[in-house]
Amino acid sequence: MLKKSVAASALFLSLAAPFAGAYSLVDSEVVKGTIETVDASTNTLVLEKANGRETRVGLSEKANFYINGNAIDINDLKAGHEVRINRKTFTKVEDKLVGEIVAVNRKDKTAKLRLSNKETVNVQFGDQVAVSGVKSVSSFDQLRPGHQVVISYAK
């Protein structure tokens, strides 16, 4: 049987309410396996991993799927497809973060922030995030490494 290789990008939220675009810690994980079952109504896949163990993967409604670089729908996924799922988990953090921008990822709209205790966190930006402390910056696109910022949830 010819096995197709499928790539999926899935977002997992550890918030009870829908993600509102506030800043979040980002945890990334890659899950690989062979599809055993697909439930498009609940956006879940059951995979058999390389170690033979079965795992259930819940997918965001906004998950993207590709076969050989071509976008497909979850209904196109079939048992036997080998998949690689890039999973990101967003977790709401404190009401305010103070630190220095050390890296900016424009594609994912994230930035790495070094806090005063030298810990670094990844921050997901959205419509509800306010940045202060940098007078010349009025948008995410203007953020640069080295900027000292205060990031807060704009209510």
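Quick note, the sequence shown lines up with residues -22 to -1, 1 to 133 if you use mature numbering (1 follows the signal peptide of the UniProt record, and there is no 0). Beta carbons are placed, not taken as given, at the ideal position from N, Cα and C, and that holds for glycine. This one's a predicted model, so the numbers in the text were calculated from it and none came from an experiment.
| query | result |
| --- | --- |
| Sub-8 Å separation of residue 91 and residue 79 beta-carbons | yes |
| Distance between residue 129 and residue 121 (C-alpha atoms, nearest Å) | 12 Å |
| Straight-line gap, residue 123 to residue 30 (C-alpha atoms, nearest Å) | 44 Å |
| Classification of residue 8 by the beta-carbon crowding that lies within 10 angstroms, buried from 16 upward | exposed |
| Residue 127 versus residue 46: straight-line alpha-carbon distance, rounded | 41 Å |
| Where residue 66 falls, given that 16 or more other Cβ within 10 Å makes a residue buried | buried |
| Contact set for residue 36: own chain, Cβ-Cβ below 6 Å, skip 5 residues either direction | 22 |
| Close Cβ partners of residue 12 (< 6 Å) along its chain, the five nearest in sequence each way excluded | 26, 60 |
| From 89, 42, 54, residue whose alpha carbon lies closest to that of residue 100 | 89 |
| For residue 54, three-class secondary structure by DSSP | helix |
| Residue 77: first and last residue of the uninterrupted beta strand (DSSP E) it sits in | 74 to 83 |
| Residue 10 versus residue 44 - alpha carbon distance | 14 Å |
| Residue 118 in three-state terms, based on DSSP | helix |
| Residue 34 - DSSP class collapsed to helix/strand/coil | strand |
| Proximity to residue 83 [Cα-Cα], best of 76, 38, 119 | 119 |
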